[in-house]
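This report refers to the structure that appears directly beneath it.
Protein chains in written order, with our numbering: chain A, 1 to 115; chain B, 1001 to 1111.
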């Protein structure tokens, strides 16, 4: 069965430091992979997605993610974190073939940013 | 603002009751999706409608049902509510095969 694992429940980084959020997936075919961000009291906003092609994907707000098939990973990175990046981050895999809407989400990683 | 509108934003109701959550998709989006976010289960896909017809079903309880109307808005009906149904319910919409956009959710508290 498809699944997504985000091993880190909570991460704290200092403002200006680099960030890497981990995501591992289990999926039988070539996965459609996504990272979403949820700020307190807000809906989910898409940061970036991977379908095929270049394994390094650029997203909004300065985020990028790298798809590594051999490791079944899709880690999210940002070179310099801003205080406004504090939020919860969700990795997801598309479970419905070409559908981008039937998603299996990880449990999320909450990011805190120290001044 | 994603363009997906959900009402009500907050709802408190008693066990055993029935509630209806409403979703207006982005203009032109034919697909509507419903998700549940709870502390113990996380984010779970419930159901998808496309142009009025059910397209995919996830972990949706039999006590829950949804429909999509000709004007493309959708409703999620939750009945015989239990304490464990307390959650944030998201609606999302998309053009087929494209990125989905989430609304801000409807907070349901069952007391």
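The beta carbon of each residue, even a glycine, is placed where N, CA and C say it ideally should be. Values in this document were obtained by computation on a predicted structure and should not be read as measured data.
Interface annotation for the segment 31–44 of chain A against chain B: 42, 43 and 44, criterion Cβ-Cβ distance under 7 Å. Contact note: residue 1033(B) reaches chain A through 101, using a C-beta cutoff of 7 Å and chain order.
For residue 8(A) and residue 112(A), the gap between their C-alpha atoms comes out near 12 Å.
The beta carbon of residue 1043(B) is closer than 7 Å to those of 1035 and 1037 in its chain, skipping five residues each way along the sequence.
Below the 9 Å Cβ cutoff, chain B contributes 1042 and 1043 as neighbours of residue 107(A), in chain order.
Interface annotation, residue 67(A): not in contact with chain B, CB-CB separation never under 8 Å.
By the C-beta density criterion, residue 1069(B) is exposed, having fewer than 16 other C-beta atoms within 10 angstroms. Secondary structure note for residue 1012(B): its beta strand (DSSP E) is the uninterrupted segment 1010–1013.
For residue 45(A), the CB contacts under 6 Å within the same chain, skipping 5 residues up- and downstream, are 37 in chain order. DSSP links residue 1109(B) through a beta bridge to 1012(B).
Straight-line spacing of the CA atoms in residue 1046(B) and residue 1014(B) works out to 22 Å. Taking a cut-off of 8 Å on C-beta distances, the segment 52–59 of chain A does not touch the segment 1009–1026 of chain B, as fewer than three cross pairs fall below it. At a Cβ-Cβ threshold of 8 Å, residue 1019(B) and residue 1025(B) do not count as neighbours.
Rounded to whole angstroms, the separation of the alpha carbons of residue 56(A) and residue 92(A) is 17 Å. Residue 72(A) holds the alpha-carbon nearest to the alpha-carbon of residue 6(A) among 85(A), 72(A), 114(A) and 81(A).
If you draw a straight line from the Cα of residue 1088(B) to the Cα of residue 1001(B), it is about 18 Å long.
Taking C-beta atoms as the reference points, residue 76(A) and residue 87(A) fail to come closer than 8 Å.
Ranked by Cα distance from residue 1058(B), the options 11(A), 10(A), 4(A) and 103(A) are led by 103(A).
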